[in-house]
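Trainee: Questions regarding the structure given below will be posed in turn.
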Amino acid sequence: MGDKDKKTNLSEDQLEDISVESSGEEKGEKPSKTKASKKSKDSKGKELAEAQMEIAELKDKYLRLLAEFENFKKRNLREKLETMQTAAKDTMAAILPVLDDFDRAKKTAEDENTEEQFSEGVTLVYGKMYRILEGLGLKAMEWEGQDFDPELHEALTEIPAPTPELKGKIVDAIEKGYYLNDKIIRHAKVVVGK
């Protein structure tokens, strides 16, 4: 029995050693796990704080860029309006002398009642007006003897062609077409020969 008791004792001793070792390991592990978990919590907290700071910075940058873009759009719109108003102002200032000439021609026609002088005055005013508009980039379309082009011309009617060469060509213009700086601002209204 003694042998059995020894075996049992050894077994009990071994069991105690094993339980002490395992409890020591557990005790040893628990503090290291707690320290590790505190460290990981601290590092996660730092990462979270850094991420939140980065989000706040990015949000601030976004809001500033958005405000800057809105200001740019407003400034751009204001500049366009000013440019349009200035362009109209310059055009009107250039045309005013022609208006003055028309006033003088009208007064002359009323005073002297001569058709020849009035006609000459109107021709001079027309020439002056046309030169001013050419200076601003206006150019009349050529239409005489040209082939009809729907990109440039608007056909109002067709008439029998006076000569076979004018078949399918422009015979007359009801209203001239105009370019402004090489862009069409008005299509010519024409009569086409058939």
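So that you can map any letter, position 41 of the sequence shown is 391 in the numbering used here, and since no number is skipped, the others follow by simple counting. Glycine is no exception: its CB is placed at the ideal position from the N, C-alpha and C atoms. All values reported here derive from a predicted model rather than from experimental measurement.
1. For Val540, does the three-state DSSP call read helix, strand or coil?
2. Under a three-way DSSP split, which group does Asp410 fall into?
3. Given a threshold of 16 other Cβ atoms within 10 Å of its Cβ, counted over all protein chains shown, does Lys520 qualify as buried or as exposed?
4. Alpha carbon to alpha carbon, how far is Gly527 from Leu415?
5. Counting only beta-carbon separations shorter than 9 Å, does Ile445 have a partner in chain B?
6. How long is the line joining the alpha carbons of Lys430 and Ala459, rounded to whole angstroms?
7. Just confirm the distance between the C-beta atoms of Gly543 and Lys517, as a whole number of angstroms; I'd bet it's less than 8 Å.
8. Looking at Tyr529: is its Cβ nearer than 9 Å to the Cβ of Leu488?
9. For Leu502, which of helix, strand or coil comes out of DSSP?
10. Please state the DSSP three-state secondary structure of Lys533.
11. Could you compute how far the alpha carbon of Leu408 sits from the alpha carbon of Lys424?
Mentor: The short version:
1. strand
2. helix
3. This sequence places Ile at residue 520; Lys is not what is there. By the 10 Å Cβ count, Ile520 comes out buried.
4. 47 Å
5. Judged by its chain identifiers, the structure shown contains no chain B, having just a single protein chain.
6. 43 Å
7. 5 Å
8. yes
9. coil
10. strand
11. 24 Å
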